[in-house]
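Those sequence lines, one after another, are chains A and B. Here the first sequence stands for residues 2 to 114, where the numbers follow our numbering. Here the second sequence stands for residues 114 to 230, where the numbers follow our numbering. Contents: one structure, followed by commentary.
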Amino acid sequence: NAGVTQTPKFRVLKTGQSMTLLCAQDMNHEYMYWYRQDPGMGLRLIHYSVGEGTTAKGEVPDGYNVSRLKKQNFLLGLESAAPSQTSVYFCASRRVDVGTEAFFGQGTRLTVV
Amino acid sequence: AQSVAQPEDQVNVAEGNPLTVKCTYSVSGNPYLFWYVQYPNRGLQFLLKYITGDNLVKGSYGFEAEFNKSQTSFHLKKPSALVSDSALYFCAVRDMGSTRGNNRLAFGKGNQVVVIP
């Protein structure tokens, strides 16, 4: 049982380039989340989805887009990368039941130069 | 919007001594509270949660946490720390007082725990 898998694990981008981060979960979870982790700031929510075909903005959505075309996948896109988007990105998922905990992927370390 | 405060950047404790990591929260309704641990270059792992019922909850690896509604706190504790407990600890809250808050998990900035042999 793989849980939550993020692809890629590491990436270096040049300013202005675009990329897509893929999150896949095999637990049939309804809810999926994208967070970014920066030193001293904890995890901040970028976007989330409460089901296939639906997405919503989190705390820091600017510069990112997401899509949830399939229940098991949640994609995070950077259309024009900026150095401020250098971070570690985490995907998480959970069941819809009230009170359930979220399961996290291993993270993607992104550097924008 | 819900929020979490973890006031200390780093907690140093000698091996075998009690470990406490502090967390306070702010929500509009009832809180669902969680603790996660992160080891270097890894994702977050769930430790324990408070949903309802007994204010003292027990979790993985000998950790426990006490929910205190009047002080809006959810401190993480371990009676006897191990060197292997050295990691980054995150407190998180879900606000059950709103639909939007219910869907979202807000994290504190994290506390680095260093257990000294």
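Yeah, the Cβ is synthetic: ideal placement off N, Cα and C, and Gly gets one too.
Residues, ordered as in the chain, of the region 195-223 of chain B that lie near chain A by beta-carbon distance below 7 Å: So the close ones are F203, N216, R217, L218, F220, G221, K222 and G223.
Give the DSSP-derived three-state secondary structure of B/G210 in the structure shown. The three-state secondary structure of B/G210, taken from DSSP, is coil.
Please go through the same chain and pick out, in chain order, the residues whose beta-carbon is closer than 6 Å to the beta-carbon of B/P144, but skip the five residues on each side of it. The answer, listed in chain order, is Y138 and V206.
Cβ of B/G156 within 8 Å of Cβ of A/F91? Using a Cβ distance threshold of 8 Å, B/G156 and A/F91 count as a contacting pair.
Between A/A3, A/F104 and A/V13, which lies nearest to A/Q86 when the distance is taken from Cα to Cα? Answer by Cα proximity: A/V13.
CB contact flag (B/Y149, B/L160, <8 Å): For the pair B/Y149 and B/L160, the CB atoms are nearer than the 8 Å cut-off.
Where B/Q119 falls, given that 16 or more other Cβ within 10 Å makes a residue buried: Its Cβ being crowded by 16 or more others within 10 Å, B/Q119 is buried.
If the cut is a Cβ gap below 8 Å, which residues of chain B does A/L46 touch? Residues of chain B passing the Cβ test: R217, L218 and A219.
Please check if any C-beta of chain B sits within less than 8 Å of the C-beta of A/F75. With 8 Å as the cut-off, A/F75 does not count as an interface residue toward chain B.
With 16 as the cutoff for other CB atoms within 10 Å, does A/L111 come out buried or exposed? Sixteen is the threshold: when 16 or more other Cβ atoms of the shown chains lie within 10 Å of the Cβ of A/L111, as they do, the residue is buried.
What ranges does the beta strand (DSSP E) occupy inside the region 127-183 of chain B, keeping only unbroken runs of at least 3 residues that lie completely in it? Taking only runs of at least 3 residues, the beta strand (DSSP E) segments lying wholly in the region 127-183 of chain B are 132-134, 137-139, 144-151, 157-163, 169-171 and 177-181.
Between the C-alpha atoms of A/G64 and A/Q26, what's the straight-line distance to the nearest angstrom? In this model, A/G64 and A/Q26 are separated by some 24 Å (Cα to Cα).
If A/S19 sits next to A/A83, beta carbons under 8 Å apart, how far is it from one beta carbon to the other, in whole angstroms? A/S19 to A/A83, Cβ: 11 Å. No contact.
Quick test of your reading: B/V126 and B/V196, contact by CB under 8 Å. State the CB separation rounded to the nearest angstrom. Not a contact, Cβ separation roughly 10 Å.
Please go through the same chain and pick out, in chain order, the residues whose beta-carbon is closer than 7 Å to the beta-carbon of A/V97, but skip the five residues on each side of it. Counting only Cβ-Cβ distances below 7 Å, and skipping sequence neighbours, we find E31 and Y32.
Give, in chain order, every residue of the region 88-106 of chain A whose Cβ lies closer than 7 Å to some Cβ of chain B. Result list: F91, G100, E102, A103, F105 and G106.
Short CB-CB distance (under 8 Å) between A/M33 and chain B: Taking Cβ atoms only, chain B never reaches closer than 8 Å to A/M33, which makes this a no.
Among B/Q123, B/F220 and B/D167, which has the Cα closest to the Cα of B/S116? Comparing Cα positions, the closest option is B/F220.
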